[in-house]
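A.B. asks: Input: one structure, supplied below.
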Amino acid sequence: MNASTMEAALLLAGVLFMLGLISVLIRRNVIFMLISVEIMLNAAGLAFIVAGSKWVQPDGQVMFIFILTMAAAEVSVGLALILQIYHQLKTLDSDAANFMKG
Amino acid sequence: MENFIWLIPALPFLGSLLLLLFGTRLSRTGVAILGVGSVGISALVTILLGLQFLSEKPAFYHQEVWQWFNVAGFSPSIAFHLDALSIVFIFVITFVGFLIHLYATAYMAEDTDFSRFFACMNLFVGSMLMLVMADNLLLLYLGWEGVGLCSYLLIGFWYKDPANGYAARKAFIITRVGDTAMAIGLFILFQTFGTLNIQAILTQAPEVWSVGAQMAVLVGLLLLGGAVGKSGQLPLQTWLPDAMAGPTPVSALIHAATMVTAGVYLIARMYVIFDLAPVAQLAVAVVGAVTLLLAGFSALTQYDLKRVLAYSTISQIGYMFLALGVGAWSAGIFHFMIHAFFKALLFLCAGAIILALHHEQDMRQMGGLRKSMPVVFWTFLIGAASLAALPVITSGFYSKDQILWYTLAGPQGSIWLYLAGLVGAFITSIYTFRMVFMTFYGEAKTHIAHPPGMVITIPLVILAILSLVGGFIELPHNFAHIALFSGLMAPVLPGITANELLAANEWLFQVLAAVVSLGGVFVAYLFYQRSPALLQNLERSSFAMKLHRFWFSGWGFDALYDNLFVRPYVFLANLNKRDIIDSFYTGLARMAEGFHVMFSQTQSGVLRNYVAGIVVGAIMILTISLLL
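Sequence lines, in order, name chains Z and P.
Quick note: the first sequence uses this note's numbering, first residue 83, plus one each step.
Quick note: the second sequence uses this note's numbering, first residue 18, plus one each step.
Here it is, written out as structure tokens:
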């Protein structure tokens with residue numbers, strides 16, 4: 083992989099990550115926040131793949147599989163939480179679930 | 018018999034312990050039997066031991082019960098040393114103490130805290146016995162502090178009145194000043210001799226110190242400090258009049274048998290040190306002489322019957338100090354014994370009067386009690402005669418005359434000390450008979466509630482007999498010459514020889530002392546009985562009134578100490594009420610609380626804020642790691 087392709091791929095990963103981050107910060111709907119987190123995870127995974135192919139090492143791909151597994155687990159827990167929030171509050175607004183303030 | 022020495026202090030301690038543990042569950046009779054019985058058996062053991070001592074005439078009895086502790090070669094033991102000096106003291110403590118206990122069963126019969134009273138009284142007697150029987154200074158100091166504690170407990174016995182609690186604290190704190198001086202003295206003694214055993218110190222001291230050695234003087238003065246505190250002498254005498262807040266049997270016990278005589282005992286016991294330190298010994302004599310005058314003048318002006326007696330005790334202890342100070346050791350101890358008899362008698366009589374008159378203590382409200390309380394009158398008269406040292410018939414005359422004689426004719430005597438003693442004797446007999454005339458003569462002013470019963474009168478009669486005949490065991494040289502008491506003391510305390518020039522005319526000074534004491538009685542009779550108008554004339558002059566107030570307040574010592582120590586202390590305490598040091602720690606706590614409020618605000622429960630926080634933190638960490 084040549085340098086320009088890698089830079090472009092890392093840039094894409096960075097842009098994706100920032101987009102995900104920004105949408106986590108500005109969205110109030112919990113489902114959208116979950117999706118944004120997935121985007122950030124994918125951006126991170128992309129960066130690992132790029133690094134793995136740059137140094138011709140399998141570690142990047144191994145790491146990506148880890149991230150994929152982790153994302154699956156996270157989504158299952160997250161969705162369960164979202165169901166509970168909706169069940170309790172009849173809304174998906176994350177700001178409404180602020181009962182745990184100090 | 019000498020195997021049972023340990024019983025003497027152990028019995029009162031045991032009695033006190035049992036009363037403390039089970040006293041509230043016992044009936045009043047049970048408490049009385051336990052409280053009086055323990056001291057009674059102890060008195061019995063003492064008398065048997067004393068008889069054996071008199072017949073065998075050993076130098077001393079010694080019994081070691083067990084070793085207290087053993088640290089780095091310092092091994093004080095719980096051991097008792099009985100020689101003539103301590104036997105006289107334990108006899109007075111147990112026997113007079115027993116009579117006071119017996120009397121107290123009637124005096125305190127109505128009190129709700131009957132068992133607490135006897136527990137404290139027993140502890141008092143036990144501590145005092147420990148003090149005089151100890152063979153080392155550490156054990157003596159244990160008894161010394163025990164006596165202080167018990168005086169605190171008993172003076173403040175009726176603790177519900179704040180004034181009583183104040184008097185108790187005053188006694189405790191003022192005597193503590195003396196105790197500190199004494200403790201420092203003991204440290205110096207231990208450093209010098211490596212032991213606190215009294216006999217060892219007394220034998221080693223002349224080898225280590227020459228006469229007038231600085232250290233000996235210092236130790237002498239420090240021991241005098243301790244003695245002054247406990248015995249209520251100048252300048253620490255102010256606690257004693259206020260100690261009258263306690264029940265009357267307590268006053269009798271403190272004044273006659275325990276506590277205030279501890280100082281006399283300490284000085285007599287450590288006489289070798291004072292022999293080596295003439296300056297300290299002179300200080301003892303001067304303290305005694307000045308105190309007896311100050312207290313005598315104060316006693317003249319008091320209206321409270323018990324306060325007159327309290328000042329009188331201070332003054333009589335002054336005589337004992339005077340005797341010890343001029344080296345008339347045995348005369349001082351003799352006066353201690355006789356004083357114990359008549360002062361206990363006077364206090365118990367006063368108690369009977371006070372009880373009969375619904376706790377009235379003001380002599381102006383009394384009067385005319387001669388007919389209604391004949392036994393109390395006659396016994397009080399005997400006690401008063403002994404205190405005023407009426408010549409020939411009373412034992413007080415023999416003991417006081419001996420002191421006066423040696424103050425003048427002894428090797429360390431001086432005309433000034435003698436004059437102080439003589440003036441003191443004159444005042445003593447004035448205030449004593451002022452008391453008699455105000456209380457028993459004239460018109461009756463208060464109705465009598467309870468005439469005293471048998472339990473009250475029996476101790477009075479016994480003490481009255483002792484006050485009359487107790488003096489006949491020691492008569493002056495030119496007067497039958499019986500010297501049983503000084504003979505008994507001779508192996509323990511050095512004798513004294515009178516100046517030969519004066520000795521030829523001893524009778525002259527005896528007549529002088531007799532005239533002085535009779536003159537005092539006459540003055541009291543003149544002012545309080547025959548022509549009270551004289552007194553009223555005196556009361557009109559403003560100078561006399563000012564003097565009266567000054568003496569009444571005990572020469573302003575209370576006010577002086579109040580201004581010198583109490584007020585500045587209270588001022589500083591008020592200044593520091595919010596505790597300056599503590600405010601630093603309070604500040605720390607306040608700061609932690611502030612941070613707590615601040616950080617708990619950040620926990621808003623809004624998920625997006627947390628994410629923003631994580632992002633900001635991550636950016637900061639990345640930036641810092643890139644820059645560094």
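Ideal Cβ positions, reconstructed from N, Cα and C, are used throughout, including at glycine.
(1) Can you give me the start and stop residues for the beta strand (DSSP E) that residue 95/P sits inside?
(2) Along the stretch 152 to 184 of chain Z, where does the CB come closer than 9 Å to a CB of chain P? Name the residues.
(3) Specify, as a first and last residue, the run of the beta strand (DSSP E) that residue 221/P falls within.
(4) Find the residues of chain Z that neighbour residue 621/P, judging by a C-beta separation of less than 7 Å, and give them in chain order.
(5) May I have the straight-line CA-CA distance separating residue 552/P from residue 559/P, to the nearest angstrom?
(6) Return yes when the Cβ of residue 122/P is within less than 8 Å of the Cβ of residue 60/P, no when it is not.
(7) Using beta-carbon positions only, say whether residue 102/Z and residue 122/Z come within less than 8 Å of one another.
(8) Identify the continuous beta strand (DSSP E) that holds residue 79/P and give its terminal residues.
(9) Got a sec: is the Cβ-Cβ distance from residue 629/P to anything in chain Z below 8 Å?
(10) Using the Cβ count rule (16 or more neighbours within 10 Å means buried), how would you classify residue 83/P?
(11) Could you give the residue range of the alpha helix (DSSP H) that holds residue 451/P?
(12) Can you tell me which of 347/P, 247/P and 116/P puts its alpha carbon nearest to the alpha carbon of residue 503/P?
(13) Spell out whether any CB of chain P is found under 8 Å from the CB atom of residue 107/Z.
(14) Determine whether the Cβ of residue 101/Z lies closer than 8 Å to any Cβ atom of chain P.
(15) Show which residues of chain Z have a CB atom less than 7 Å away from the CB atom of residue 624/P.
(16) Assign residue 111/Z to one of three DSSP states: helix, strand, or coil.
(17) Would you kindly work out how many angstroms separate the C-alpha atoms of residue 624/P and residue 180/Z, rounded to a whole number?
(18) Which residue marks the beginning of the alpha helix (DSSP H) containing residue 599/P, and which one marks its end?
(19) Taking the C-alpha atoms as reference points, what is the distance between residue 484/P and residue 88/P?
(20) Identify which residue in 107/P, 315/P, 236/P and 231/P has its Cα closest to the Cα of residue 287/P.
(21) Rounded to the nearest angstrom, what separates residue 94/P and residue 26/P at their Cα positions?
(22) My assumption, with CB atoms under 8 Å, is that residue 275/P sits in contact with residue 141/P. Please give the rounded CB distance.
(23) In this structure, what does DSSP give as the bridge partners for residue 379/P?
(24) Can you name, in chain order, every residue of its own chain whose Cβ lies under 6 Å from the Cβ of residue 395/P, other than the five neighbours on each side?
(25) Can you list the residues of chain Z that residue 632/P reaches, using a CB-CB cut of under 7 Å?
(26) Helix, strand or coil, according to DSSP, for residue 91/P in the structure here?
(27) Quick check: the Cα distance between residue 320/P and residue 380/P, rounded to an integer number of angstroms?
(28) I'd like the list of long-range same chain contacts for residue 234/P, defined as Cβ closer than 6 Å, with 5 residues on each side in sequence excluded.
(29) Do you know how far the Cα of residue 638/P is from the Cα of residue 163/Z?
(30) What residue range is occupied by the uninterrupted alpha helix (DSSP H) comprising residue 142/P?
(31) Mapping the DSSP letters down to three states, classify residue 294/P as helix, strand or coil.
(32) Would you mind sorting residue 153/P into buried or exposed? The rule is 16 or more other CB atoms within 10 Å of its CB.
(33) Excluding five sequence neighbours on each side, which residues of the same chain lie with their C-beta closer than 8 Å to the C-beta of residue 86/P?
(34) Using 8 Å as the threshold, is the stretch 348 to 357 of chain P in touch with the stretch 259 to 279 of chain P, meaning 3 or more CB pairs across them?
(35) Check whether the Cβ of residue 35/P lies closer than 8 Å to any Cβ atom in chain B.
C.D. replies: Answer, in terms of the structure:
(1) 94 to 99
(2) 176, 177, 179, 180, 181, 182, 183 and 184
(3) First-last for residue 221/P: 215 to 225, but that is the alpha helix (DSSP H), not the beta strand (DSSP E).
(4) 180 and 183
(5) 13 Å
(6) no
(7) yes
(8) 78 to 84
(9) yes
(10) exposed
(11) 432 to 457
(12) 347/P
(13) yes
(14) no
(15) 176
(16) strand
(17) 8 Å
(18) 597 to 619
(19) 48 Å
(20) 236/P
(21) 15 Å
(22) 6 Å
(23) 321/P
(24) none
(25) 103
(26) strand
(27) 5 Å
(28) 294, 296 and 297
(29) 31 Å
(30) 131 to 150
(31) coil
(32) buried
(33) 92 and 93
(34) yes
(35) The question asks about chain B, but that chain is absent: this structure's protein chains are Z and P.
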